[in-house]
Each structure stands twice: as structure tokens, then as C-alpha cells.
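In this note's numbering, each number is its position in the sequence shown, counted from 1, plus 717.
Backbone N, C-alpha and C define an ideal beta-carbon position, used for all residues, glycine too.
Here's the structure, in C-alpha cells; my notes come after.
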Amino acid sequence: MQITLFGTGYVGLVTGACFAAAGNDVICVDIDADRVALLQAGECPIYEPRLKETMNANQRAGRLQFTTDAKAAMEHAEVIFICVGTPPREDGSSDLSAVEAVARSIGQHLTHEAVVVNKSTVPVGTGDRVESIIRTALAERGEGFDVDVVSNPEFLKEGAAIQDFQKPDRIIVGTNSGNAIEMMRELYAPFNRNHNRLMVMDRRSSEFTKYAANAMLATKISFMNEMANIAERIGVDIESVRIGIGSDPRIGYSFIYPGVGFGGSCFPKDVQSLEREAHRAGYEADLLRAVNEVNERQKGLLFTKIDAFFDHQLEGKVIAIWGLAFKPNTDDMREAPSRVLMESLWEAGATVRAFDPAAMQETARLYPDQVASGQLVFAGDAEDALTGANALAICTEWREFQMPDYAQIAERVSHAVVFDGRNILDRSRASAEGLTYYGIGLGENGRFA
């Protein structure tokens, strides 16, 4: 198929590269000329396993192109994807200006029938708005052909997005158009061969499905963190509890790991947006509000533990941090718990020595003043981050952090203390090597002794 795709962010690049890898001709459009030039040169602006290789292979094959020319990109498009960002506004609602701008561009330039697919995460009713904008623009031009607008939300996990796209657990298609359903069925056929994963529903239900899914997962995380906070106060080991409740198939083990909160571009924004949407509809979604409140509180937990350990005397201290990205296998720093920890440490007068396998460049972009002043120093590897450190904090559960040299940590960290925000270390081994170990939900203030 001939596919035009608007937006070369995380969702757009993964979607475009995977459709091209299936044999389609894909043109990705972006208004950022510098970004397009970077992509045309074969560089990938984000870190995602296998994405750059997939992009480059299909660029060489001539199936994947990048441009700023929206009109030319739509000349032969059978399917047009909208994959632009919907960032939160001040009040927590979603900013749809980019989605609406793309809809206007489609209405102004499209010259033939096509299926328009909204893959951006959007509030219920956005498909109606996009359809209205396109049809109004077409009518103003005197065009009489039809355009179907479809909701097709993405369910991609950062760090495993290529695999998720190529082996989806569900493909949600929201439309009442028989023509659009068949077009989407054909388009997704290469990813739908084992058994039928394509689920058709009305457009508004499809839009809501994405929000409901993210809200459910975020709720599980905040619930487990709430349990961990209770566990610390009553002498309970939350890791034993996690194993006990996860064995119940109605609960399962996914998303019940206690930690320092969730981040990224989806969960915080989508839970907040859904709560605001409920408010506009006249319903107070107390549970959704509590999910975000618990999460924001959880992000400050490591600093609280560190500050208490040093008797609120952090001026001049050096804290090593392992992991900056909000999760492993990505360089995404949006809403990352590490940011809350670093900013609190700097405010208290401490210096941060940090290492992350992928996110240090993005962190430097976010905090140029702290880098320039020496408050934020990037290490060459995890061991180097320990140099001159008074304590070690772990914010991201990268695999390479999970089997460290405990004796070396005890030797190089002056106060021989670890604050494990993801409970990934062997606490018995850490204690045996002379480390004071603080985790999440492990009894007395999270301390294992």
C-alpha cells in the first residue's frame, strides 16, 4: 500500500518503519526540517532497540522516505496516519492542536479518496473533530470524494516497540465503514497471521480503549506502591507479598513491581487527561486522581530516604545515580523519577554523578546549567559513577545494574549505602558485603538488615 504518515516521533517512526518492513511504500512527514534532514541521513533521533536498523534497511530498499512536503506526500496515499503528539495542557487535558493541524493539511491537499487513521492518543470524540475539519476543508475546495476517519490506537511499550508492532496482542480498529475495515484488515494482515487479533468497534469506543488500558496499568503500579508504603510501616516484605498475590491469575505478575513511580509519555498524561475528560462530563474520577497523586508522591521517596539517612545534611554530598530514563531500553526522560530525585538533590546542595546506557545525552539537553556548573556529572560506566560518591541510588532497572560487584560498591561509596528504587539488587548479598541497603517496601523504612 501507499502510506503517508504525519509525525516522526516515537509512534510515527516505529509505525512507519514496521509498515515499510512489511513491503509497503511509506512517506513520513514532519514540519521539523532539521529532524527530517537527520532522518534522511539515516540517523534516528530516539533510542529504541532495532528501530534504526529497521529504518535504514527500508530506506535503502526505497520503501521508507522522509519529507516536509505534506502536499507531495499525499499525492498517491491510500492510507494516511496521524501520529503527532498530544501533550498535556496546564489543566491536564490533551493539546490537540497538532492533530487538528494535520487534519486541516489533509483537507487542503488531498485530491482523492483515502482512509485517514488516527494513531495518536486522543480524547473520545477526536475522530469526529478530525472528520469535520477534513470534510469542511474539502467542501471549501469543492471536492466531493469521501474520506473515512478511523481510530487505531497504538499499544507499544518503549524498549520493545518493534516487537510489539510486529507481534501485537490486539489491533483495535474504530470505524463503522466497511471499506475502512477491509483496508485496515489488509494493511495489518502481515501482523495478524497466527490468529485474528483485529478487533473492530465504533470509533469512540476505540479512542476510549487506549485510555482505559493505560489507566488500568497505571492503577496497578500505584496500588502496589501504596501497598509498599504500608508494608514499610508495619514490618512487611513487599517482595514476598508481590509473589503471593501475583500467583493469582486474576491479578498476575505484570505491573505489580514496587518502585519509585511510573513516568514516560503515556501513563501520567493519559491518566490525567482521562480524569479531566471525566470532569468535563460531570463525573469526578477519584480513583484516577488518586493514581496520579500516589505516583507523584512516590517519585519523591528516594530523596526522602537519602535525606533522612544523611540527617538532612546533603550540602556537598555526592550521590551516584544508576539509571536516568523512566524505564530500561529507552532514552525517554519524560516524567522520569530520576528527574525528581536529581532536582531535589541539587536544591539540597548535593552533586549528582550519573550513568545511564542510553539517556545521558537527553539528560544533558534537559539540564545544561547543571552540567555547566558541575552539579551534574556523567560517568563513563556504572562503576565510574561511584567515584567520590557518598551514596548510590538506583532509579532505572537496566539489566546491567542487576548483578554488580557488591564489594566494590561497599569499597568505593564512602558511606557504603545503596538506595534501590527498583528492588533489583540482591539485598542479602549487599548486606553480607557490608552495604546498608534501602529498598521499597522492605520493612523498617525500606531498610534491609
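Excluding five sequence positions before and after residue 930, the CB atoms of its chain that fall closer than 8 Å to its own CB belong to 872, given in chain order. Inter-residue distance for residue 1146 and residue 1039 is about 18 Å (C-alpha atoms, whole angstroms). Note on geometry: alpha-carbon atoms of residue 1058 and residue 971 lie some 25 Å from one another.
Residue state for residue 1063 is assigned as helix, using DSSP reduced to three classes. Here residue 1072 is buried. Its C-beta has 16 or more other C-beta atoms within 10 Å. Per DSSP, the unbroken beta strand (DSSP E) holding residue 868 starts and ends at 864 to 868. Fully enclosed alpha helix (DSSP H) runs of no fewer than 4 residues occupy 814 to 826 of the segment 808 to 851, in order along the chain. Under the DSSP assignment, residue 1160 falls outside any beta strand (DSSP E); it carries neither an H nor an E label. Taking all protein chains shown into account, residue 760 has fewer than 16 neighbouring C-beta atoms within 10 Å of its C-beta and is therefore exposed. As the crow flies, the alpha-carbon of residue 973 is around 31 Å from that of residue 920.
C-alpha of residue 869 to C-alpha of residue 834: approximately 6 Å in a straight line. Comparing alpha-carbon positions, the option among 837, 826, 881, 874 lying closest to residue 855 turns out to be 826. Going by C-alpha positions, residue 1005 is about 35 Å away from residue 1108. Spanning the alpha carbons of residue 1019 and residue 983 requires a straight line of approximately 23 Å. Residue pairing by DSSP places residue 797 opposite 721, 833 in a beta bridge. Just measuring C-alpha positions, the residue of 848, 1024, 1046, 1051 sitting nearest residue 1061 is 1024. The continuous beta strand (DSSP E) containing residue 1069 extends over residues 1068 to 1072. With 16 or more neighbouring CB atoms inside 10 Å of its own CB, residue 824 falls in the buried class.
Nearest in C-alpha terms to residue 1011, of all of 927, 938, 1129, 732, is 938. The segment 1134 to 1148 makes contact with the segment 1113 to 1125: 3 or more CB pairs, one atom from each, lie closer than 8 Å.
Listed in chain order, the non-local C-beta contacts of residue 995 below 8 Å within the same chain comprise 1001, 1002, 1005, local neighbours out to five positions each way being set aside. Going by C-alpha positions, residue 846 is about 14 Å away from residue 838.
For residue 1039, the pairing in a beta bridge is given by DSSP as 1072, 1111. Remark: C-beta atoms of residue 746 and residue 723 approach each other more closely than 8 Å. Restricting attention to 866, 1155, 730, the CA atom closest to the CA of residue 945 is found in 1155. For the pair residue 731 and residue 878, the CB atoms are nearer than the 8 Å cut-off. When the alpha-carbon of residue 916 is set against those of 1045, 895, 1126, 890, the nearest one is in 890. Ranked by how close their Cα comes to the Cα of residue 1043, the residues 1029, 1063, 1016, 1028 have 1016 in first place. Check the Cα spacing between residue 986 and each of 809, 755, 780, 725: the tightest is with 809. Within the same chain, Cβ atoms closer than 6 Å to the Cβ of residue 1105 are found at 1035, the five residues on either side in sequence being excluded.
In terms of Cβ geometry, residue 719 and residue 770 do not form a close pair [threshold 8 Å]. Distance from the CA atom of residue 1082 to the CA atom of residue 862, rounded to whole angstroms, is 46 Å. DSSP lists 868, 918 as the bridge partner or partners of residue 891. With respect to the C-alpha of residue 884, the residue from 735, 1129, 1127 having the closest C-alpha is 735. The segment 732 to 799 is shown to contain whole alpha helix (DSSP H) runs of 4 or more residues at 750 to 757, 768 to 777, 787 to 790, in chain order.
By the C-beta density criterion, residue 923 is buried, having at least 16 other C-beta atoms within 10 angstroms.
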